[in-house]
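Working notes, beginning with the structure itself.
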Ligand code: GLY
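Residue numbers (this note's numbering): 23 to 404.
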């Protein structure tokens, strides 16, 4: 057995690593457990920080959380850059939403109504204005919207920076799978690793994405339900074509293109409800490239370097679960679905507040699994 820490964080994706980093900065001793940190959904993600470009009718309840996380991202990135000495490739020139045909332009008009209703930073663009911002866009484009405050970051760089910062700060990263949570008198007091090693702690934070509900040692319903939402995503390389991300609609289908400073272009993503199926399919690659080329014709000249599958952790109401559970000492931070990269800083802040007993801003309380309308029944074994 090793020396107890204040908190064990289960899961080394961007959410778990950011949470561990922020807990450590508040003076807590922290251990992170993950067999391969940063290789799950974070590795696949394009890194759009896009509460506006990704806003959709029906998902408005996410907006307060998403906007708060966008607000704190620049400071989070600056702190991380200072702590690690690594650049995160943060782009802060907005995201251009593009409509390819007349029906797609109507989708944009509909979204502009949503943006206006919530006072979001979005401005309608003519096709000509869109092309003057991004000359590689197709002349056939029918209209655009500039989501001025949206940003993008390279999630793989963020993971490298978080791991470097944790290392510098002396946070232990245990490269092993967590089999179960241990409880003493019903209170979560650590974890058991796959090889039987026991790690004792004052608190446990479950931030393991789609694997969160399969961590053992807990009564049914203690951890809220999470399902895998498959995303296939492509990475291309060549002459830079875009200066900012483009979130487009082509004959009604969404597609996004996220440029990196080093010439990489990320094109995503499918959204498939088919469990943990890690196959890259010909249809997905074909459709993503077809729609990306319809928006930016020169994409056809780039080298296709990588195809990746990731699994977004989806929840029944598509909102994340961040906060305490019915089990004392057990906090969850999962279910971030399409927004894990965007929501990492605010998630870390919420978990810090929970573990240090700070008061939470009331507008962030509804994301807790113990918020009345979201509470799942816990079956306590007799
Ligand atoms: N946020 C983009 C995606 O999940 O595909």
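Positions of the beta carbon are idealized from the N, C-alpha and C atoms, including for glycine.
All figures in this text were calculated on a predicted structure; none of them were measured in a lab.
Which whole-angstrom value is the C-beta distance of residue i and residue j, which I expect to be below 8 Å?
{"i": "residue 78", "j": "residue 341", "result": "So it is not a contact: roughly 13 Å between Cβ atoms."}
{"i": "residue 119", "j": "residue 169", "result": "6 Å"}
{"i": "residue 313", "j": "residue 272", "result": "4 Å"}
{"i": "residue 410", "j": "residue 362", "result": "Here the chain has residues from 23 to 404 only, and residue 410 is not among them."}
{"i": "residue 167", "j": "residue 130", "result": "5 Å"}
{"i": "residue 215", "j": "residue 198", "result": "4 Å"}
{"i": "residue 219", "j": "residue 212", "result": "Incorrect: roughly 10 Å between the Cβ atoms, too far for contact."}
{"i": "residue 347", "j": "residue 378", "result": "Not confirmed; about 17 Å, so no contact."}
Who are the near neighbours of residue i in its chain, counting only those whose CB is closer than 8 Å to its CB and skipping five residues on each side?
{"i": "residue 404", "result": "Here residue 404 scores only 49 on pLDDT, less than 50, and its place in the model should not be relied on; the value that follows carries that caveat. Nothing meets the Cβ criterion."}
{"i": "residue 250", "result": "232, 297, 298, 333, 334, 335 and 336"}
{"i": "residue 109", "result": "103 and 179"}
{"i": "residue 208", "result": "349 and 350"}
{"i": "residue 371", "result": "44 and 94"}
{"i": "residue 235", "result": "245, 246, 247 and 248"}
{"i": "residue 191", "result": "43, 46, 47 and 105"}
{"i": "residue 141", "result": "none"}
{"i": "residue 5", "result": "Because the chain in this structure spans residues 23 to 404, residue 5 falls outside the shown range and cannot be described."}
{"i": "residue 407", "result": "Residue 407 lies beyond the stretch modelled for the chain, which goes from 23 to 404, so this question has no answer here."}
{"i": "residue 387", "result": "345 and 393"}
{"i": "residue 380", "result": "374"}
{"i": "residue 6", "result": "Missing from the structure shown is residue 6; the chain here goes from 23 to 404 and no further."}
At which residues does the alpha helix (DSSP H) containing residue i begin and terminate?
{"i": "residue 133", "result": "124-139"}
{"i": "residue 36", "result": "36-47"}
{"i": "residue 77", "result": "Taken as a continuous stretch (DSSP letters only), residue 77 belongs to no alpha helix (DSSP H), as it is neither H nor E."}
{"i": "residue 155", "result": "149-155"}
{"i": "residue 86", "result": "85-106"}
{"i": "residue 313", "result": "304-317"}
{"i": "residue 193", "result": "Careful: residue 193 lies outside any alpha helix (DSSP H) and carries neither H nor E."}
{"i": "residue 64", "result": "63-66"}
State the start and end residues of the unbroken beta strand (DSSP E) segment that holds residue i.
{"i": "residue 332", "result": "325-336"}
{"i": "residue 377", "result": "Taken as a continuous stretch (DSSP letters only), residue 377 belongs to no beta strand (DSSP E), being part of the alpha helix (DSSP H) at 362-378."}
{"i": "residue 286", "result": "286-290"}
{"i": "residue 276", "result": "275-281"}
{"i": "residue 343", "result": "343-346"}
{"i": "residue 169", "result": "165-169"}
{"i": "residue 59", "result": "Counting along the chain, residue 59 falls outside any beta strand (DSSP E), and DSSP gives it neither H nor E."}
{"i": "residue 227", "result": "220-228"}
{"i": "residue 269", "result": "268-272"}
{"i": "residue 117", "result": "117-121"}
{"i": "residue 254", "result": "249-259"}
{"i": "residue 205", "result": "200-206"}
{"i": "residue 215", "result": "209-215"}
{"i": "residue 29", "result": "27-32"}
Quick one: what's got a C-beta closer than 6 Å to residue i's C-beta in the same chain, skipping five residues either side?
{"i": "residue 111", "result": "176, 179, 282 and 283"}
{"i": "residue 291", "result": "253 and 255"}
{"i": "residue 384", "result": "none"}
{"i": "residue 289", "result": "256, 279, 310 and 314"}
{"i": "residue 202", "result": "214, 238 and 239"}
{"i": "residue 300", "result": "331"}
{"i": "residue 267", "result": "70, 117, 174 and 280"}
{"i": "residue 137", "result": "144"}
{"i": "residue 316", "result": "122 and 272"}
{"i": "residue 114", "result": "173"}
Suppose the cutoff is 7 Å on Cβ atoms and the five residues either side in sequence are ignored; what does the same chain contact list for residue i look like?
{"i": "residue 323", "result": "260"}
{"i": "residue 306", "result": "254 and 292"}
{"i": "residue 368", "result": "87, 90, 91 and 94"}
{"i": "residue 338", "result": "247"}
{"i": "residue 376", "result": "345, 346 and 353"}
{"i": "residue 295", "result": "251"}
Check whether the region 215-235 and the region 48-58 are in contact - that is, three or more C-beta pairs closer than 8 Å.
yes
Are three or more beta carbon pairs between the region 26-42 and the region 155-173 nearer than 8 Å?
no
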